[in-house]
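Participant: In my numbering, the protein residues as written are 16 to 335.
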Amino acid sequence: MRKILLLIIGMLIGITATAQVPVNLIKFKKFYRLKNQSQVFIPLGNVAFADTLIDFREGNPPALPEYSNPQAAAGEPDYEKYLDQSYLSLGCQGQITAVFKDNGFIDIDGPDLYFFEIGPSIEAFKVEISSDNKTWINVGKVDGGTSQIDIARANIPKEKEAIYYYIRLTDLASFCSGPTAGADIDAIGTVGGVLKLNVDANLLFDTDKYELKETALKKLEEFKKVISQIPKADIIISGHTDSDADDKYNYILGKNRADAVEVYIHEILDGKGDYTYKTESYGETQPIVENNSEKNKQKNRRVEILVLPDKEFYIRPKNN
Numbered sequence: 016m017r018k019i020l021l022l023i024i025g026m027l028i029g030i031t032a033t034a035q036v037p038v039n040l041i042k043f044k045k046f047y048r049l050k051n052q053s054q055v056f057i058p059l060g061n062v063a064f065a066d067t068l069i070d071f072r073e074g075n076p077p078a079l080p081e082y083s084n085p086q087a088a089a090g091e092p093d094y095e096k097y098l099d100q101s102y103l104s105l106g107c108q109g110q111i112t113a114v115f116k117d118n119g120f121i122d123i124d125g126p127d128l129y130f131f132e133i134g135p136s137i138e139a140f141k142v143e144i145s146s147d148n149k150t151w152i153n154v155g156k157v158d159g160g161t162s163q164i165d166i167a168r169a170n171i172p173k174e175k176e177a178i179y180y181y182i183r184l185t186d187l188a189s190f191c192s193g194p195t196a197g198a199d200i201d202a203i204g205t206v207g208g209v210l211k212l213n214v215d216a217n218l219l220f221d222t223d224k225y226e227l228k229e230t231a232l233k234k235l236e237e238f239k240k241v242i243s244q245i246p247k248a249d250i251i252i253s254g255h256t257d258s259d260a261d262d263k264y265n266y267i268l269g270k271n272r273a274d275a276v277e278v279y280i281h282e283i284l285d286g287k288g289d290y291t292y293k294t295e296s297y298g299e300t301q302p303i304v305e306n307n308s309e310k311n312k313q314k315n316r317r318v319e320i321l322v323l324p325d326k327e328f329y330i331r332p333k334n335n
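1. Cα-Cα, which of K310, E295, I242, S253 is closest to K42?
2. Where are the beta strand (DSSP E) runs, 3 residues long or more, that stay fully inside the stretch 174–204, in chain order?
3. Leaving out five residues before and five after E229 in sequence, what residues of the same chain have Cβ atoms less than 8 Å from its Cβ?
4. Under 8 Å, with one C-beta from each stretch per pair, do the stretch 102–122 and the stretch 200–210 reach the 3-pair mark?
5. Check whether the Cβ atoms of F56 and Y94 sit closer than 9 Å, and answer yes or no.
6. Going by C-alpha distance, which of K173, L184, Q86, A248 is nearest G208?
7. For T222, which of helix, strand or coil comes out of DSSP?
8. Return the residue from the list E138, I280, V154 that minimises the CA-CA distance to Q144.
9. Could you please give the first and the last residue of the uninterrupted beta strand (DSSP E) stretch that includes Q54?
10. What did DSSP end up calling N153 once you bin it into helix, strand or coil?
11. Verify the contact flag: D199, CB atom, against every heavy atom of the ligand GDP, threshold strictly below 8 Å.
12. Could you give the uninterrupted runs of the beta strand (DSSP E) lying entirely in the stretch 86–170, keeping only those of 3 residues or more?
13. Given a cut-off of 9 Å on the beta-carbon distance, is the pair Y102 and I133 in contact?
14. Assuming L68 is part of the beta strand (DSSP E), what are its boundary residues?
15. Pick from D199, Q301, Y329: whose alpha carbon is nearest that of V318?
16. Between G193 and E138, what straight-line distance do the alpha-carbon atoms span, to the nearest angstrom?
17. Mind checking which residues open and close the alpha helix (DSSP H) that includes E295?
18. Assign V278 to one of two classes, buried (16 or more other C-beta atoms within 10 Å of its C-beta) or exposed (fewer than that).
19. Might you give, ordered along the chain, the residues of its own chain that have their beta carbon closer than 7 Å to the beta carbon of S104, omitting 5 neighbours on each side?
20. May I ask which residues mark the beginning and end of the alpha helix (DSSP H) holding F46?
21. On a Cα-Cα basis, can you pick out the residue from F46, E237, D70, N75 that is closest to A63?
22. Specify the secondary structure class of P80 as computed by DSSP and reduced to three states.
23. Note down the Cα distance separating T185 from R48, rounded to an integer number of angstroms.
24. With respect to the beta strand (DSSP E) encompassing V214, which residues constitute its N-terminal and C-terminal limits?
25. Give the DSSP bridge partners of F336, in chain order.
26. What residue range is occupied by the uninterrupted alpha helix (DSSP H) comprising R272?
27. What first and last residue would you give for the alpha helix (DSSP H) that runs through L235?
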């Protein structure tokens, strides 16, 4: 019964609580100190971390309840000392699935993901990634003193490379005793991160329209301040709708809305950096929740802005 209750609690936390960073608090190019006093460079800074845990399958034997809070593994690392309850212990062969909502990750040169695993011993775990939470790719295992992984290990064909938003970690039962059984995860960070900015379509447009409202301009100005900190990037703007109306209508509406945002973003970023632009529409085909209520439909009506930095953005600054 305890295991079932913890699973339910974990899933509820993942659905109702996130560690997303407000746009005005985003800080790129941060260094995070590790247990051995060395530092790891995270190009996207505080926005680069898995922010929502959507599934937790506690291992057997489990960790003590105070180390079994799934949300402790979301957001930036905040570990201070062993047994401070700032991390999630998976339990023996336990598993978590996390989603990155305000960023995604890609395969760049070198490591793409960094795991802030803590505790007196480093327990091995398997790493899987997905772009849609449906098709999963086994990247391999993290063990020993290594806390990072390169997606290239999975040998993904070039034509199937994607932007990934989901990650699944499974403890490999290398240490199954003590109060914090299983791998101890404080945070999951992207090294090869791409920025994802979302905005509710109702803030941008009137119903069934694609002319930007006055309220839209203020919101997009906030995005300008963030995007302009990335001097060179590809910017992809996509329109999404609910399932009302037919497929063709929704596709056209999504495309027109993406185009309207692109025109304004292009205008306010002019002279701020070297950017290329692309717009696309997914219509009703990529809902983030079911279209079974007006509240959910509003969530699905959105515009997403993906910012894919140039490779220079990922280079660790000198003298650090």
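Note that CB positions come from ideal geometry on N, CA and C, so glycine has one too.
Facilitator: Result, derived from the coordinates:
1. Residue I242 is the option with its Cα nearest to K42.
2. Segments of the beta strand (DSSP E) lying fully in the stretch 174–204: 181–186.
3. Excluding positions up to five away in sequence, the list is empty.
4. Contact between the stretch 102–122 and the stretch 200–210 is present, because at least three Cβ pairs lie under 8 Å.
5. Going by C-beta atoms, F56 is not nearer than 9 Å to Y94.
6. That would be A248, whose Cα lies nearest to the Cα of G208.
7. In the structure shown, T222 sits in coil (DSSP, three-state: anything other than H, G, I, E or B).
8. Position check: residue 144 holds Ile in this sequence, whereas Gln was assumed. The residue with the shortest Cα to Cα distance from I144 is V154.
9. Note, Q54: beta strand (DSSP E), 54–57.
10. Three-state DSSP puts N153 in a strand.
11. Here there are no bound small molecules, and the ligand GDP is not part of this structure.
12. Correct list: 110–114, 118–120, 128–132, 140–145, 152–157.
13. Yes. Within cutoff.
14. L68 -> beta strand (DSSP E) spans 67–72.
15. Comparing Cα positions, the closest option is Q301.
16. G193 and E138: Cα-Cα distance of roughly 13 Å.
17. Careful: E295 lies outside any alpha helix (DSSP H), inside the beta strand (DSSP E) at 289–298.
18. Exposed is the call here.
19. These residues qualify, in order along the chain: A78, Y82, S83, T195, A196, G197, D199.
20. Boundaries for F46: no alpha helix (DSSP H) harbours it, while the beta strand (DSSP E) harbouring it runs 45–48, taken from the DSSP string.
21. Residue nearest to A63 within the set F46, E237, D70, N75 is F46 (criterion: CA-CA distance).
22. Three-state result, P80: helix.
23. Just so you know, the alpha carbons of T185 and R48 end up roughly 25 Å apart.
24. In the DSSP annotation of this structure, the continuous segment of the beta strand (DSSP E) that includes V214 starts and ends at 208–215.
25. No information on residue 336 is available, as it lies outside the stretch 16 to 335 that the chain covers here.
26. The continuous alpha helix (DSSP H) containing R272 extends over residues 262–283.
27. 229–242 is the span of the alpha helix (DSSP H), which, as asked, contains L235.
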